[in-house]
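Each remark here refers to the structure printed beneath this line.
There are 2 protein chains.
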Amino acid sequence: MGVELHKDLLESINIDVERHAKMMGMGLEGYKTQFMSQDNRPKAMEYFNWFMSEIQGQRIAEINQLRAEKKPAVGAFCIFVPEEIVVGAGGVCYGLCGGSNATVADAESELPRNICPLIKSAYGFKLQRTCAYTQSADFICGETTCEAKKKTWELLNKHHPVHVINVPHMKRERDLSIWQEEIKEFKERIESVTEKKLTLAEMLEGVEIINAKRAALLRLDKLRSQNPDVMPISGKDALFILQMGSMDDPVRYTQNVNNVCDELEVRLQKGISVFPKNTPRLMVLGTPIAIPNWKLHTAIESSGGCVINEESCTGHRYYKDNVDVTGVQSEDDLYHRLIERYAKIDCACFTPNTGRVEKIVQMYKERKADGVIYYTLSFCHTYNVESHLVTEALAKEGIPCLVIESDYSPEDAGQIKTRVEAFLESIAFKQKAQAFANK
Amino acid sequence: MGVELHKDLLESINIDVERHAKMMGMGLEGYKTQFMSQDNRPKAMEYFNWFMSEIQGQRIAEINQLRAEKKPAVGAFCIFVPEEIVVGAGGVCYGLCGGSNATVADAESELPRNICPLIKSAYGFKLQRTCAYTQSADFICGETTCEAKKKTWELLNKHHPVHVINVPHMKRERDLSIWQEEIKEFKERIESVTEKKLTLAEMLEGVEIINAKRAALLRLDKLRSQNPDVMPISGKDALFILQMGSMDDPVRYTQNVNNVCDELEVRLQKGISVFPKNTPRLMVLGTPIAIPNWKLHTAIESSGGCVINEESCTGHRYYKDNVDVTGVQSEDDLYHRLIERYAKIDCACFTPNTGRVEKIVQMYKERKADGVIYYTLSFCHTYNVESHLVTEALAKEGIPCLVIESDYSPEDAGQIKTRVEAFLESIAFKQKAQAFANK
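What follows is the structure, given as structure tokens:
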């Protein structure tokens, strides 16, 4: 597999090679058990199987090849990092490892136990030197979207260079205007890596590439959720595609997402579904889902349900909006358009987070979904508090909803599965009752 | 007692009078047991005994008398709310009830369990209608210093009018400039209550009153901590004085703090200490301590230690800096000076929170303290993550430090006491060892 072939490279970026190989072994084993075992997967998923096998191998080689050409490699934890600019500079902007429980204990030597597992996991990967993405990053780009991350940058900065983008608390005119300054400074930081000026044309090219990527994902979203009787791809596979989007080369990735979409279109025409008709179709709302955190999707799809959408940063929140560059004449124009797009992200970090609740209800109705799982990573105060507003609105609409808060430990997998099963049963019962009523 | 005399008033502001009376009874009982029982308290504490007895009685009548005269009453949870402006308008800016466990369960019907107890407690007081301060507030002034609060305003706003001040994540020039706008808007909000323009002269008067209050508290700080052999007032009494500062009329309060200080000066001259010589003198660092949350101070001072300083929002962080109004000519000048002062607050909400670590070490040395307790309210991510930087610096200096995270439940009181006892023992042992070494 990829990792072994690239041992020298991994050593050169100061990876703990032995431990890293073990971690990758575990990850691949998990992928094999939870993904490869699925029946009737789209053929085009083969690309993603391959990518998974090379996720810490060939992909790392590609990134380091770019770095050798003085192209930037930026690690991120958040969809507020303007990847368009990095890609415009010919570089790569990727999500860092942060979905594994195996690094959490190490992180807890410096971080509190009761903060978000994603932060602890990512921090632990840095301490262990077991993520080749982290080790390859010219710098890690943090932001201020959550306070545990915000404060963790101060500690992480002692282990790896960190640049912080100040995403404001609010979205009023004056907040957006200082946010725009942040984008400009980020571009300058990129230029400090490439040691040359990044032009407007290059940045526009970056926007075009990322717009195409988001458009492909929006296409996938529609295909997997448009027909209540035909689920042409599993929620797990769709989630995996989404997860790979933060690591793969965006052009190659977009092509491969579109390949999957082409196949799904045919499946929809032919009525080929990977789940039986009447399988309860769920939307998952909330916080990001980093690999290999497949706990929730696995619980749902091994209990007779399926996932048709993630209203999450690993999902719809990421790809729902594109950057409109029509008529852009100057760099400032472009920064303004970038902020226009980024300010549409309805992250719970904003107060108020206008529009999210209404959007969720609308998404639910458009997709004719059968229920909603509001999922938050443990100790994520913003999504956690906001869940009250969301569930209140869902209750008013009579939309079935289950709230799950979880970390990366395997301990609650059984409990989650039991709760999901009960939730799916209640949905099935409701459907039956409705069918009788309609007779 | 005060509450019964003011039953009609309490009913008029929609207090649940019966429940409120029970809560007040519990609070007064706690005060009696934990405070009145102390030996050799300064005579000037009598005022504060009286104030405690009227805290939800006469003081509420005073506030509502002002409201009848169209003076503003603003409830707050944070020392970033510019009380100078409210006081300048002839009104009152006070801390809301938020230190009791008795309201937490109610709050958890709308808020997550795993957020800061202060927020839950305060929210519960609103739901229960058992805090006469909350019920008297024209509006509650929230801020964005922590994300659980930031998001809670969106919910609280459904129960009581809320105005939010956007305190930025950072303190760079551009962050401060938008923060200044917030101060201006806050002033306009105050004017919407008084229905008349607030003048520069009035605001300057407000600054003068609050500057005097902070100066009195700084004086108290010096008196209680300057002589390692003489502790003229208990940490509990000093904490109680600090806590009352967020509720009392600032002019009367300042006078009474200075009365205590006058008495402490005499005690210092005469060598009158409320604790034996060689009592380990501790500094408490961290998050605010709202009444009746006296758990930590009680644990320390009933275990043979004493508290000589709170590096906390209920303490030194609040009173360490004053507003310099020298040469202020215009309202904008004043807002600028206010921000200059408010930006000196070294709250962990900022990234980076420059200077706090060095300040703590300096405070420790100046006060010749014997140890430090880093205290955080549960789930306070900012202070919690920052504790790593603080404890690292303390360890380098060889300063004994104990980290305690706690909520308002009584369950961990025993555990905290045991840990504090062990900590005090280790300090005493260190002192003995040093004494031998010096022989």
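Residue numbers (the UniProt record's numbering), protein chains in the order written: chain X, 1 to 439; chain A, 1 to 439. C-beta atoms are modelled at their ideal positions from N, C-alpha and C, and glycine is treated no differently.
Query: Between the CA atoms of GLU405 (chain X) and GLU310 (chain A) - distance to the nearest angstrom; Result: 35 Å
Query: Proximal residues to GLN128 (chain A) (C-beta, below 7 Å), its chain only, five neighbours per side dropped; Result: ASP16, ARG19, THR103 and ASP106
Query: Three-state class that DSSP yields for ILE13 (chain X) in the structure shown; Result: coil
Query: Cα-Cα separation between GLU263 (chain A) and ALA238 (chain A), rounded to whole angstroms; Result: 13 Å
Query: Exposure of GLN243 (chain A), with buried meaning 16 or more beta-carbon neighbours within 10 Å; Result: buried
Query: Residues that DSSP places opposite VAL420 (chain X) in a beta bridge; Result: In the DSSP output, where bridge partners are listed per residue, VAL420 (chain X) has none listed.
Query: Nearest-angstrom Cβ-Cβ length linking ILE416 (chain X) and ALA299 (chain X), presumed shorter than 8 Å; Result: 5 Å
Query: Cα-Cα separation between THR418 (chain A) and GLU4 (chain X), rounded to whole angstroms; Result: 52 Å
Query: Ordered list of alpha helix (DSSP H) runs contained in the region 260-336 of chain X, each at least 4 residues; Result: 295-301 and 316-319
Query: Cutoff 9 Å: PRO352 (chain X) Cβ touching any chain A Cβ; Result: yes
Query: Separation of CYS93 (chain X) from GLN34 (chain X), as counted between CA atoms; Result: 27 Å
Query: Cutoff 9 Å: ILE345 (chain X) Cβ touching any chain A Cβ; Result: no
Query: C-beta contact flag for CYS116 (chain X) and SER378 (chain X) at 9 Å; Result: yes
Query: Residue-chain proximity (HIS163 (chain A), chain X), Cβ-Cβ < 9 Å; Result: no
Query: Cross-strand partners of ALA76 (chain X) (DSSP beta bridge); Result: X:GLY95 and X:CYS141
Query: Spatial neighbours of LYS277 (chain A) in its chain, beta-carbon cut-off 7 Å, leaving aside the 5 residues before and after; Result: ASP229
Query: Selection from A:GLU173, A:TYR319 and A:GLU182 that minimises the alpha carbon distance to HIS169 (chain X); Result: A:GLU182
Query: Cβ-Cβ separation, LEU338 (chain A) to VAL361 (chain A) (assumed contact under 8 Å), whole Å; Result: Not quite, the Cβ-Cβ distance comes to about 29 Å (not below 8 Å), so this is no contact.
Query: Cross-strand partners of CYS401 (chain A) (DSSP beta bridge); Result: A:VAL372
Query: Given 8 Å, three or more beta-carbon pairs between the region 118-125 of chain A and the region 149-157 of chain A; Result: yes
Query: Identity of the residues DSSP links to ILE165 (chain X) by a beta bridge; Result: X:GLU143
Query: From X:SER409, X:GLU411, X:GLU173 and X:SER387, residue whose alpha carbon lies closest to that of VAL403 (chain X); Result: X:SER387
Query: Cross-chain neighbours of ARG174 (chain A) in chain X, by beta carbon under 7 Å; Result: ILE178 and GLU181
Query: Chain A residues whose Cβ lies nearer than 7 Å to that of PRO112 (chain X); Result: ASN384 and VAL385
Query: Opposing strand residues paired with SER406 (chain X) [DSSP bridges]; Result: X:LEU377
Query: Interface partners of MET170 (chain A) on chain X, CB under 9 Å; Result: THR144, VAL164 and ASN166
Query: GLY57 (chain A) to VAL164 (chain X) span [Cα, whole Å]; Result: 49 Å
Query: Three CB pairs or more closer than 8 Å across the region 287-302 of chain A and the region 218-237 of chain A; Result: yes
Query: Residue 443 (chain X) to LYS32 (chain X) span [Cα, whole Å]; Result: Here chain X comprises residues numbered 1 to 439, so residue 443 (chain X) is not present and cannot be evaluated.
Query: For THR152 (chain A), three-class secondary structure by DSSP; Result: helix
Query: The region 76-84 of chain X contacting the region 131-151 of chain X, beta-carbon criterion three pairs below 8 Å; Result: yes
Query: Residue-level contact to chain X via CB, PHE379 (chain A), 9 Å cutoff; Result: yes
Query: Cβ contact (3+ pairs, closer than 8 Å) linking the region 83-92 of chain X and the region 191-199 of chain X; Result: yes
Query: Simplified DSSP state of ASP237 (chain A), which is helix, strand or coil; Result: helix
Query: Beta-carbon proximity check, CYS306 (chain X) vs GLU147 (chain A), cutoff 9 Å; Result: no
Query: Assigned exposure category for THR382 (chain A) - 16 Cβ within 10 Å defines buried; Result: buried
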